[in-house]
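Just so we're aligned, residue -11 is where the sequence shown starts under this note's numbering, counting upward by one. Remarks on the structure that follows.
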Amino acid sequence: EKGLRTHFVHCFGGPDTAHESFSNLQKAINFAMTSFLSTGGIRGSKQSVGKFQPRSFNMGLSKEAFYATGGFGKIHPGEDPDLSIRLWNKGYETKLIPEAKVFHKRRISWVKFYKQVFKFGQVRPILNLWHPSTAKLTYWFPTLFSLGLLTAMVLLVFGIKWLAVIYVFYFVIYFFSAIYHTKSLIISVQSILALIIQMVGYGWGFLKSTFFIKFMGRNPEEKFPQLFFKT
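Right, here's the structure in full:
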């Protein structure tokens, strides 16, 4: 209430965080999903590289804004950024309230986490198709990261190390950031694996969806029916 009294908006939300009772794996995934070094702070960081998009599990929406937009669409995941963009297009603001944290219980296995971020990657080109003005080159970063990592491993076979050194340097910085924020060696090590899974899953999903939707001209609902609610 305090945050809305100082500056009222029709849509708001708070950052993701992890409860102490969460498993080490869940905490590692949480760090990968919220760190500025991995997602650019889009999950509620004050250092976010873009406008704040509240997540559906931690979103407040006024009655006026709901009726103006019709609420969530059929796409899932991706229903929350889609709604945020439609709100912006109608002149509504979104706001991050840092104190309005939600303990977001992450996926409980690496396989489930991969499937989740793969879907996240798949829906982004669909959102870019619907809202062309929101498309950014940065959405390609996980794909480029994944292709670069694969290239680095291939080059190592031939004794070429410079690209692998760049990745190691990045992982070291990320690791010490995880140590600083989580205060746990185990979680920090797991967070590197979470980072790789997140980048590869999202990157592959994004590339696959972009190929079929942008270059092949396929209808998103026909090609990826699993990403849409049936009405």
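Heads up, the beta-carbon is just placed ideally off N, CA and C, and yes, glycines get one too. Only a predicted model underlies this, so the values are computations on that prediction, with no experimental measurement involved.
Thinking C-beta only, is residue j closer than 8 Å to residue i?
| i | j | result |
| --- | --- | --- |
| P208 | L132 | no |
| N12 | Q178 | yes |
| F0 | K83 | yes |
| Q41 | S72 | yes |
| P69 | L115 | yes |
| W98 | I185 | yes |
Output needed for residue i: all residues of its chain with C-beta closer than 7 Å, excluding positions within five of it in sequence on either side, in chain order.
| i | result |
| --- | --- |
| S176 | F163, A166, I167, T170 |
| P113 | F194, S197, T198, I201, K202 |
| T57 | L71, R74, L75, K78 |
| K15 | A6, T170, I175 |
| T139 | L151 |
Along the beta strand (DSSP E) that carries residue i, what are the first and last residues, could you check?
| i | result |
| --- | --- |
| L49 | 47 to 49 |
| T82 | 82 to 84 |
| G1 | -1 to 1 |
For the alpha helix (DSSP H) containing residue i, name the first residue and the last one.
| i | result |
| --- | --- |
| L75 | 67 to 77 |
| W128 | Run containing W128: none; DSSP gives neither H nor E here. |
| L115 | 98 to 118 |
| K218 | It is not in any alpha helix (DSSP H) - K218 carries neither H nor E in the DSSP assignment. |
| A88 | It is not in any alpha helix (DSSP H) - A88 carries neither H nor E in the DSSP assignment. |
| I148 | Taken as a continuous stretch (DSSP letters only), I148 belongs to no alpha helix (DSSP H), as it is neither H nor E. |
| Q14 | 12 to 22 |
| A182 | 173 to 198 |
| T122 | No alpha helix (DSSP H) contains T122, which DSSP labels as neither H nor E. |
Can you tell me whether residue i is buried or exposed, with buried defined as 16 or more other CB within 10 angstroms of its CB?
| i | result |
| --- | --- |
| A182 | buried |
| H7 | exposed |
| G205 | exposed |
| T126 | exposed |
| F19 | buried |
Can you list, in chain order, the residues of its chain whose CB lies under 6 Å from that of residue i, leaving out five sequence neighbours each side?
| i | result |
| --- | --- |
| M47 | G1 |
| R143 | Correcting the residue type first, residue 143 is Leu in the shown sequence and not Arg. Counting only Cβ-Cβ distances below 6 Å, and skipping sequence neighbours, we find L151. |
Leaving out five residues on either side along the sequence, give the residues of the same chain with a beta carbon under 8 Å from the beta carbon of residue i.
| i | result |
| --- | --- |
| I148 | none |
| W192 | F106, G109, T131, S134 |
Query raised in the report: Can we say the segment 211 to 219 touches the segment 49 to 57, given the rule of at least three CB pairs closer than 8 Å?
Result: The answer is no - the segment 49 to 57 does not touch the segment 211 to 219, with fewer than three Cβ pairs under 8 Å.
Query raised in the report: Any contact of the segment 54 to 65 with the segment 96 to 112, i.e. 3+ C-beta pairs under 8 Å?
Result: Output reads yes: the segment 96 to 112 touches the segment 54 to 65.
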